[in-house]
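Only one structure is covered here, and it is reproduced in the block below.
2 protein chains.
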Amino acid sequence: MRAIILFAHGARDPQWVQPFKTIQALARARLVDTPVELAFLEMMRPDLATAATALIEHGAKQITIVPLFMAQGGHLKHDVPQLVDAIRRDHPHVQLHLTPPIGEVDAILHAIADWIVDAR
Amino acid sequence: MRAIILFAHGARDPQWVQPFKTIQALARARLVDTPVELAFLEMMRPDLATAATALIEHGAKQITIVPLFMAQGGHLKHDVPQLVDAIRRDHPHVQLHLTPPIGEVDAILHAIADWIVDAR
C-alpha cells in the first residue's frame, strides 16, 4: 500500500492548520485508495515518525512525504532529512520518498503569481 | 500608481528567499507597469514599512500587500495588521490593501493538491 504524509511546520494557533486540512481533503478526494495524513515539525501532532509508524502498522510499504513549506530554511535542509533517515533505520523494508517543498514546484509558483496578478 | 508588496516571513538562510524571488519575477513579467517588491517580517530586509515608504516616495498611491504565508498564525493575525496600520498613519493619502494569505486561496490550494496527486 502507498501512503502520503503532508508535512507542515506547526503553530500554537489551532486555526493555523486549516489550509493544510483543506489540502489533505482535496488530495483524499482524488486518491481514494491512498491514505493521506498530516504531520508536523513542531507545536502540533503527530510528528513525522508517529505518522509514518501508524501508516506502516496499517500496511503502508511506500510513503511519499510532501513538505508543505514555501521555502527551504534550516528546518528542511537539516532537520527533515534526519527525521526521514531515522524512520528508514526503524523500518528498512518501507520505501520513503521525500519530495521537494511546494515552493520549488513551478506549477504552484505560477498559480501564486496568477493570483497576485488578479488580486492587484 | 499601483504597486504590490509580496510579504514573506524571512529566514537566516539566504537561499530561503529563492521561491519568493521566482514569484516576484513571474508577477513582474505579467505586470510591466506595476512595481512588485518583496518585504519580510523578520531576519531579511526590507521590512514592510521600508518597502512601502520606498514605493510611496516613487509615487505609489495604492499598494496591495500579499502575505506569502501558507497559514495564519500569530504573525498574520496580530503583527501584520499592526504594521499595516502604522503605514496608514504615516501615509494617510495612500490606499493600502491587505489580501488574504496564499493558504486561503482556493486556486492555490487546488494547485498544491494537484501536485500531491502527481508526486505520489
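Protein sequences, first through last, are from chains A and B. So the first sequence is numbered by this note's numbering: it starts at 599 and just counts up by one. So the second sequence is numbered by this note's numbering: it starts at 599 and just counts up by one. Each residue gets a CB set at the ideal place from its N, CA and C atoms; glycine is no exception.
- The C-alpha of Met668(A) is placed about 12 Å away from the C-alpha of Thr620(B).
- In terms of CA proximity to Leu653(A), Ile685(A) leads the group Ile685(A), Val615(A) and Thr697(A).
- If you check each beta-carbon in the region 633 to 655 of chain A against every beta-carbon of chain B, the ones closer than 8 Å belong to Val634.
- The contact set of Val703(A) on chain B, defined by CB atoms closer than 7 Å, consists of Trp713 in chain order.
- With 16 or more neighbouring CB atoms inside 10 Å of its own CB, Val634(B) falls in the buried class.
- For Leu636(A), no alpha helix (DSSP H) run applies; the uninterrupted beta strand (DSSP E) run containing it begins and ends at Val634 to Phe638, by DSSP.
- In this structure, Leu639(B) sits near Gly608(B), with a CB-CB distance shorter than 8 Å.
- The alpha-carbon of Val692(A) is positioned some 29 Å away from that of Pro617(A).
- Taking C-beta atoms as the reference points, Ala709(A) and Ala705(B) count as a pair closer than 8 Å.
- Within the region 635 to 666 of chain B, the runs of beta strand (DSSP E) at least 3 residues long that lie entirely inside it are, in chain order, 660 to 665.
- The Cβ of Arg686(B) sits no closer than 8 Å to any Cβ of chain A.
- In summary, Val703(B) is buried, with 16 or more beta-carbon neighbours lying within 10 Å of its beta-carbon over all protein chains present.
- In the structure shown, the three-state DSSP call for Leu694(A) is strand.
- Rounded to whole angstroms, the gap between the alpha carbons of Ile714(A) and Thr662(B) is 9 Å.
- By the neighbour-count definition (other C-beta atoms within 10 Å, threshold 16), Met599(B) is an exposed residue.
- Taking all protein chains in view, the Cβ of Gly657(A) is surrounded by fewer than 16 other Cβ atoms within 10 Å, so the residue is classified as exposed.
- As DSSP reads the structure, Ile710(A) sits in no beta bridge.
- Residues of the region 608 to 621 of chain A that bring their beta carbon within less than 8 Å of a beta carbon in chain B comprise Ala609, Arg610, Asp611, Gln613, Trp614, Val615, Gln616, Pro617, Phe618, Thr620 and Ile621, in sequence order.
- Interface flag for Ala658(A) against chain B is unset, since no Cβ pair is found closer than 8 Å.
- By the neighbour-count definition (other C-beta atoms within 10 Å, threshold 16), His676(A) is an exposed residue.
- DSSP places Ala684(B) in the helix class (H, G or I) of the three-state scheme.
- At a cut-off of 8 Å between beta-carbon atoms, Val630(B) makes no contact with chain A.
- Annotation: Gln670(A) to Pro679(B) spans about 26 Å, alpha carbon to alpha carbon.
- For Met641(A), same chain residues with a beta-carbon under 6 Å away, outside a window of 5 residues either side, are Gly608, Ala609 and Arg610 in chain order.
- When the five nearest sequence neighbours on each side are left out, the beta carbons in the same chain lying within less than 8 Å of the beta carbon of Thr648(A) are those of Ala637, in order along the chain.
- Residues of the same chain with a CB within less than 8 Å of the CB of Leu604(B), apart from the 5 flanking positions on each side, are Phe618, Ile621, Gln622, Ala625, Val634, Glu635, Leu636, Ala637, Val664 and Leu666 in chain order.
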